[in-house]
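One structure is given here, and the rest of the page talks about it.
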Amino acid sequence: MKTIDLVVPCYNEEEVLSFFYKETNRVVSQISNYTFHYIFVDDGSCDHTLSVMQELASKHPEITYLSFSRNFGKESAMYAGLKHSVGDYVVVMDADLQHPPSMIIDMIAGIEEGYDCVAARRSNRNGESPIRSFFSRQFYRLSNRMSDVKMAYGAVDFRMMTRQMVDSILELSEVQRFSKGIFMWVGYNTKWIPYQNVERTIGTTKWSFWGLFKYAIDGITSFSVAPLRMVSGIGFTISMIAFIYIIITLVQTLFFGINVPGYVTTLCAVLFLGGIIEFSIGILGEYISRIYMETKDRPIYIIKTSNLKEIKKSSEKDS
Numbered sequence: 253m254k255t256i257d258l259v260v261p262c263y264n265e266e267e268v269l270s271f272f273y274k275e276t277n278r279v280v281s282q283i284s285n286y287t288f289h290y291i292f293v294d295d296g297s298c299d300h301t302l303s304v305m306q307e308l309a310s311k312h313p314e315i316t317y318l319s320f321s322r323n324f325g326k327e328s329a330m331y332a333g334l335k336h337s338v339g340d341y342v343v344v345m346d347a348d349l350q351h352p353p354s355m356i357i358d359m360i361a362g363i364e365e366g367y368d369c370v371a372a373r374r375s376n377r378n379g380e381s382p383i384r385s386f387f388s389r390q391f392y393r394l395s396n397r398m399s400d401v402k403m404a405y406g407a408v409d410f411r412m413m414t415r416q417m418v419d420s421i422l423e424l425s426e427v428q429r430f431s432k433g434i435f436m437w438v439g440y441n442t443k444w445i446p447y448q449n450v451e452r453t454i455g456t457t458k459w460s461f462w463g464l465f466k467y468a469i470d471g472i473t474s475f476s477v478a479p480l481r482m483v484s485g486i487g488f489t490i491s492m493i494a495f496i497y498i499i500i501t502l503v504q505t506l507f508f509g510i511n512v513p514g515y516v517t518t519l520c521a522v523l524f525l526g527g528i529i530e531f532s533i534g535i536l537g538e539y540i541s542r543i544y545m546e547t548k549d550r551p552i553y554i555i556k557t558s559n560l561k562e563i564k565k566s567s568e569k570d571s
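Its first residue numbered 253, the sequence shown is counted upward by one per residue in the numbering used here.
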């Protein structure tokens with residue numbers, strides 16, 4: 253009988269966590285030939301998420317929980333869950349039930365077909381604001397054009413992976429992580445399963461528009477140097493335009509005498525070039541900041557408390 257670990261990152265999910273376990277367990281209890289184990293990762297929640305995890309773990313031996321010393325972000329929580337997983341297969345899913353547990357059955361079927369990964373992607377974005385949906389579509393288009401790592405539109409973190417794929421992901425120990433890109437970068441055969449977007453009914457979303465914007469920047473800079481090449485292209489183009497303008501000015505001076513340039517032209521040129529310079533410095537700063545953070549070699553997360561030792565002791569007694 254093969255084992256499946258369910259990795260569930262949690263941040264301020266006290267309202268929905270018990271309901272999530274109930275609904276997910278109702279689905280997985282009907283699946284034969286597989287045993288399931290839960291790995292809840294508390295990403296430094298400010299509410300009673302940890303208490304709910306501890307209560308669930310005390311009643312259900314198949315539950316493992318990890319709690320961070322502070323909020324390190326969802327990417328770190330997913331990495332911690334993957335790192336502490338031991339199952340033959342691993343499923344990554346959110347606790348807010350926007351990732352339907354019933355899809356686990358379809359994912360297992362895809363794995364049994366021979367795929368290394370079975371991932372979900374949203375076929376629509378019902379329930380989201382038009383502005384947010386628009387920027388989401390533009391992000392996927394821009395990212396796929398700039399990077400060799402292609403992501404399916406609507407791809408989410410909800411997926412099932414083989415142990416070999418999980419081990420490959422864990423070899424990428426970068427601090428500033430973008431898992432959607434990492435999942436695609438490691439390769440392996442992936443089957444995509446479309447599903448209708450599910451609106452959150454309990455609790456509130458933890459993603460602000462600014463947070464999503466920064467996440468998109470991380471995604472582009474993590475897997476593409478196209479912005480740096482774009483800056484080089486802009487610089488070359490401006491240099492050519494300036495060179496041509498110099499030639500034109502010299503010709504006008506030699507044949508038509510000295511012509512006093514206008515104030516508006518000078519001001520526009522200075523402001524335009526100043527904006528280009530600031531924009532270029534900003535792009536360079538993004539990449540330099542990533543180098544700076546990686547060279548610090550800080551841990552991706554810090555565990556404050558967990559029941560890992562208790563489970564290990566229990567298994568030793570059983571053996």
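Note that the Cβ used here is the ideal one computed from N, Cα and C, for glycine as well.
task: Below 6 Å CB to CB, which residues in the same chain sit around GLU275 once its five sequence neighbours on both sides are set aside?
output: Counting from one through the sequence shown, the residue named residue 275 turns up at place 23. Spatial neighbours of GLU275 in its own chain (CB-CB distance under 6 Å, excluding positions within 5 residues in sequence) are listed in chain order as PRO353.
task: Kindly list the residues whose CB is nearer than 7 Å to the CB of PHE272, restricted to its own chain and excluding five residues on each side of it in sequence; keep chain order.
output: Within the sequence shown, numbered from 1, the residue matching residue 272 stands at position 20. Apart from sequence neighbours up to five positions away, the residues of its chain that approach PHE272 with a beta-carbon distance below 7 Å are ALA347, LEU349, ordered along the chain.
- request: Have a look at SER337 and ASP257 and give me their C-alpha separation to the nearest angstrom.
  value: Working through the sequence shown from its first residue, we reach residue 337 at position 85. Working through the sequence shown from its first residue, we reach residue 257 at position 5. In a straight line, the C-alpha of SER337 is about 6 Å away from that of ASP257.
- request: Assign MET359 to one of two classes, buried (16 or more other C-beta atoms within 10 Å of its C-beta) or exposed (fewer than that).
  value: Here residue 359 corresponds to residue number 107 of the sequence shown, with the count starting at 1. Under this definition MET359 is a buried residue.
query: Using the beta-carbon count (16 or more within 10 Å), is GLU265 buried or exposed?
result: Along the sequence shown, read from residue 1 onward, the residue named residue 265 stands at position 13. Label assigned to GLU265: buried.
- request: Kindly provide the ranges of any alpha helix (DSSP H) runs that are 4 or more residues long and lie completely inside the segment 340–375, ordered along the chain.
  value: 355–364
- prompt: Considering only C-alpha positions, which residue in the set THR489, ALA494, LYS335, MET482 is nearest to PHE423?
  reply: Here residue 423 refers to the residue found at position 171 of the sequence shown. In the sequence under discussion, the amino acid at residue 423 is Glu, which differs from the Phe named in the question. Measuring from the Cα of GLU423, the nearest candidate turns out to be LYS335.
- prompt: Exposed or buried, which one is ILE533 when buried takes at least 16 other CB atoms within 10 Å?
  reply: Here residue 533 refers to the residue found at position 281 when the sequence shown is read from its first residue. Taking every protein chain shown into account, the CB of ILE533 has fewer than 16 other CB atoms within 10 angstroms, so this residue is exposed.
The beta strand (DSSP E) enclosing LYS254, as first and last residue numbers: By one-based count along the sequence shown, residue 254 stands at place 2. Here the beta strand (DSSP E) through LYS254 covers 254–262.
message: Between the segment 436–447 and the segment 364–375, can you find at least three pairs of beta-carbon atoms closer than 8 Å?
response: By the Cβ test, the segment 364–375 is in contact with the segment 436–447, since at least three Cβ pairs between them sit closer than 8 Å.
task: Give me the Cβ distance between TYR447 and MET330, rounded to the nearest whole Å; I'm assuming they're in contact under 8 Å.
output: By one-based count along the sequence shown, residue 447 stands at place 195. By one-based count along the sequence shown, residue 330 stands at place 78. Not quite, the Cβ-Cβ distance comes to about 20 Å (not below 8 Å), so this is no contact.
task: Would you mind working out which of GLY362, THR301, ILE486, PRO551 sits nearest ILE529, comparing C-alpha positions?
output: Taking the first residue of the sequence shown as 1, we reach residue 529 at position 277. Nearest C-alpha to ILE529: ILE486.
message: Just verifying my parser: in three-state terms, what is the DSSP assignment at TYR331?
response: Numbered from its first residue, the sequence shown carries residue 331 at position 79. Helix.
query: How about the segment 539–551 and the segment 302–318: do they share at least three Cβ pairs that are nearer than 8 Å?
result: Contact between the segment 539–551 and the segment 302–318 is absent, because fewer than three Cβ pairs lie under 8 Å.
query: When the Cα atoms are used, what is the spatial distance from ALA332 to ARG429?
result: As a first step, residue 332 must be located in the sequence shown, where it is residue number 80. As a first step, residue 429 must be located in the sequence shown, where it is residue number 177. Approximately 12 Å between the Cα atoms of the pair.
task: Report all residues from its chain with a CB closer than 8 Å to the CB of LEU269; omit the five preceding and five following residues, and keep chain order.
output: Residue mapping note: residue 269 aligns to position 17 of the sequence shown, counting from 1. CYS262, PHE292, THR301, VAL304, MET305, LEU308, ALA347.
message: If you reduce the DSSP assignment to three classes, tell me which class ILE552 lands in.
response: Reading the sequence shown from its first residue, position 300 is the one you call residue 552. ILE552 falls in the coil class under three-state DSSP.
message: To the nearest angstrom, how far is the alpha carbon of VAL522 from that of ILE496?
response: Your numbering for residue 522 matches position 270 in the sequence shown. Your numbering for residue 496 matches position 244 in the sequence shown. Roughly 17 Å separates the two Cα atoms.
message: To the nearest angstrom, how far is the alpha carbon of SER297 from that of ILE493?
response: One-based indexing of the sequence shown puts residue 297 at position 45. One-based indexing of the sequence shown puts residue 493 at position 241. Looking at the two C-alpha atoms, the distance is approximately 54 Å.
message: Do ASP295 and LYS326 count as a contact pair if the criterion is CB distance below 8 Å?
response: Within the sequence shown, residue 326 is the residue found at index 74, counting from 1. Within the sequence shown, residue 295 is the residue found at index 43, counting from 1. Result yes, Cβ atoms of LYS326 and ASP295 sit closer than 8 Å.
- request: Using 10 angstroms around the beta-carbon of HIS351, count the other beta-carbons present and answer buried if the total reaches 16, otherwise exposed.
  value: Residue mapping note: residue 351 aligns to position 99 of the sequence shown, counting from 1. Buried, since its Cβ has 16 or more Cβ neighbours within 10 Å.
task: Taking only the alpha-carbon atoms, compute the straight-line gap between GLU267 and PHE531 and give it to the nearest angstrom.
output: Counted from its first residue, the sequence shown places residue 267 at position 15. Counted from its first residue, the sequence shown places residue 531 at position 279. Cα to Cα, the separation comes out at about 43 Å.
- prompt: Given a threshold of 16 other Cβ atoms within 10 Å of its Cβ, counted over all protein chains shown, does ILE499 qualify as buried or as exposed?
  reply: Indexing the sequence shown from 1 puts residue 499 at position 247. Burial call: exposed.
- request: Identify whether PHE435 lies in helix, strand or coil by the three-state DSSP scheme.
  value: For the purposes of this step, residue 435 is identified with residue 183 of the sequence shown, where counting begins at 1. DSSP places PHE435 within a helical segment (H, G or I) once states are collapsed to three.
task: Could you tell me whether the Cβ atoms of ILE543 and VAL483 are closer together than 8 Å?
output: In the sequence shown, the residue the question calls residue 543 occupies position 291. In the sequence shown, the residue the question calls residue 483 occupies position 231. No, the Cβ-Cβ distance between ILE543 and VAL483 is not below 8 Å.
- request: Locate the beta strand (DSSP E) running through SER319, then write down its first and last residues.
  value: Start at 1 with the first residue of the sequence shown, and residue 319 comes out as number 67. Note, SER319: beta strand (DSSP E), 315–320.
query: With distances taken from CA atoms, which of ASN559, LEU560, ILE554 is nearest PHE320?
result: One-based indexing of the sequence shown puts residue 320 at position 68. Checking every option, the nearest Cα to that of PHE320 belongs to ILE554.
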